[in-house]
Amino acid sequence: MNDRVYQIGENMPRPDAVTKVTGAERFAIDCYGDGDGKNLLWAGVKRAGVPHA
């Protein structure tokens, strides 16, 4: 493990950069269910009915 201390404003290496660039990283869109949708999780956004709520 790298024990280097990074300062504010200094670039840090991203540990996930290589897998994202090579296409090995798995994203949510890459996950599929069993076909009938029973094991899928759905989410939505519930917005407030009034501003600044």
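So for the sequence shown, my numbering puts the first residue at 977; every next one is plus one. Think of the CB as a built atom: it goes at the ideal place given N, C-alpha and C, for glycine as much as any other residue.
Query                                                                                                                                              : Result
Can you list, in chain order, the residues of its chain whose CB lies under 8 Å from that of Y982, leaving out five sequence neighbours each side? : M988
Just checking my contact of E986 with T995 at CB under 8 Å: how many whole Å lie between their CB atoms?                                           : The Cβ separation is near 23 Å, so there is no contact.
Compute the Euclidean distance between the alpha carbons of Y1008 and G999, then round it to the nearest angstrom.                                 : 17 Å
Where does I1005 fall in DSSP's three states?                                                                                                      : helix
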